[in-house]
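Engineer:
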Amino acid sequence: MQFKIIAAQDLDRNQRHQIADLCFSAFDEDPWTQYAFMQKAIHVVGILNNQIVSHALWTDRAFTINGSSDVKTAYVEYVTTDYTMRGKGIASQLLKYLVETLTHLEYELAALQPEDEAFYEKLGWTVWKGNLSIKQDTCSYLTDEY
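With UniProt numbering, letter number 66 in the sequence shown gets 66, and the count goes up by one each step, no holes.
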């Protein structure tokens with residue numbers, strides 16, 4: 001298994017297609033058509049026999065925690081592994097590689113909204129128990145109100 005970090009603008013057509021297939025299979029959506037900010041995402045891919053079999057991406061965000069200054073944050077999304085390759089520890093390896101990369105790049109926080117909290121806790125992630133808000137212009141909105 002080889003892991004690579006590839007900026008969205010550096011993905012070739014075949015890589016974009018493979019990532020779209022993986023994400024559509026897992027989430028029933030294609031990240032390229034869902035959100036404009038995905039065009040600036042950084043992708044982490046697991047490659048086996050020249051095929052992308054595992055994927056995650058991050059986008060830069062700034063989180064404010066308890067009213068303090070903004071925290072450099074990598075917001076992680078579209079974490080998935082090909083259905084035929086699940087249960088082999090590939091996603092765990094990919095996420096460990098991702099965390100090492102983010103640490104090296106001096107991100108202060110990595111955040112995501114997991115479907116399976118226990119999986120991420122097993123890898124050392126911590127569940128956020130506080131409120132989350134979105135800032136728009138001069139207003140903040142709790143995410144459950146947005």
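Glycine is no exception: its CB is placed at the ideal position from the N, C-alpha and C atoms.
(1) Closest to Leu57 by C-alpha separation, out of Phe119, Thr138, Leu22, Leu123, would be which residue?
(2) Comparing C-alpha positions only, which one of Glu117, Asp10, Asn49, Trp128 sits nearest to His43?
(3) Could you have a look at Leu94 and say whether DSSP puts it in helix, strand or coil?
(4) Just tell me which of Ala118, Glu100, Tyr75 has its CA closest to the CA of Phe63.
(5) Does the segment 108-124 come within contact of the segment 80-88, defined as at least 3 CB pairs closer than 8 Å?
(6) If contacts are defined as beta-carbon pairs under 8 Å, then Thr73 and Leu109 qualify, I think. What distance do you get, rounded to the angstrom?
(7) Assuming contact is defined by CB atoms lying nearer than 8 Å, are Ile5 and Gly46 in contact in what I supplied?
(8) Applying the criterion that 16 or more other CB atoms from any shown protein chain within 10 Å of the CB defines a buried residue, is Pro31 buried or exposed?
(9) What does the Cβ neighbour count give for Val127, buried or exposed, with the cut at 16 atoms within 10 Å?
(10) For Gln18 versus Ile52, is the C-beta distance shorter than 8 Å?
Structural biologist: Considering the structure as presented:
(1) Leu22
(2) Asp10
(3) helix
(4) Tyr75
(5) no
(6) 4 Å
(7) no
(8) buried
(9) exposed
(10) yes
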